[in-house]
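To keep things clear, I will list the structure first and then write my remarks on it.
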Amino acid sequence: MPDVTTLKRALEDRRNALSVKAEEIEGELRTLGDPDFSEQATEAEGDEVLEGLESSALLEISKINAALARIENGTYGTCTTCGEPVGDERLVSVPHAAQCISCAFGIAFLSAVEA
Ligand SMILES: [Zn+2]
0 MPDVTTLKRA LEDRRNALSV KAEEIEGELR TLGDPDFSEQ ATEAEGDEVL EGLESSALLE
60 ISKINAALAR IENGTYGTCT TCGEPVGDER LVSVPHAAQC ISCAFGIAFL SAVEA
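In terms of numbering that gives the first Met the number 0, the sequence shown has 67 at position 68, counting the first letter as 1, and numbering is strictly consecutive.
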């Protein structure tokens, strides 16, 4: 497992970057929401794209917060679904990963089927 201090640092840095990004998007959305803005249709489409970006940033922030909480309580690196190790390789590429690769892919597959 990667060094916890390094890991926490990386997660916190990422969270800060995402917070800044979410705030920028929020600012953009307010500007676009200005009723004086001429192209209404384009504006609405832009809003949706920005809202999507904002919610994915906020979603990642919540995953990072959960990962930091798992570091604190000592469950970090253990799959939240099957209890097996998440795996170093996966943690290096996705430090906020809560699940091992097979559970993560299994769930992605199931939700694709349900959708
Ligand atoms: Zn698992």
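Backbone N, C-alpha and C define an ideal beta-carbon position, used for all residues, glycine too.
Consider the C-beta atom of residue i and the heavy atoms of ligand 1; say whether any pair is separated by less than 8 Å.
| i | result |
| --- | --- |
| Ser101 | yes |
| Glu115 | This structure gives no information on residue 115, because the portion of the chain shown stretches from 0 to 114. |
| Thr115 | Past the edges of the chain, shown from 0 to 114, lies residue 115, and the structure says nothing about it. |
Does the distance from the CB of residue i to the CB of residue j come in under 9 Å?
| i | j | result |
| --- | --- | --- |
| Ala66 | Ala97 | yes |
| Ile70 | Leu17 | no |
| Cys102 | Thr80 | yes |
| Leu199 | Gly76 | In the structure as shown, the chain begins at 0 and stops at 114. Residue 199 is therefore absent and cannot be evaluated. |
| Leu31 | Gly45 | yes |
| Glu53 | Ala21 | yes |
Going by Cα to Cα distance, which pick from the options is closest to residue i?
| i | options | result |
| --- | --- | --- |
| Leu49 | Glu71, Ile24, Thr30 | Ile24 |
| Asp12 | Glu47, Ile63, Glu53 | Ile63 |
| Asn15 | Cys78, Ala43, Ser61, Cys99 | Ser61 |
| Gly82 | Arg29, Thr4, Val3, Ile100 | Ile100 |
| Gly105 | Val3, Cys78, Thr4, Ala68 | Cys78 |
I believe residue i touches residue j by the beta-carbon criterion, under 8 Å. Please report the beta-carbon distance rounded to the nearest angstrom.
| i | j | result |
| --- | --- | --- |
| Pro84 | Ala9 | Not really, about 19 Å apart at Cβ, beyond 8 Å. |
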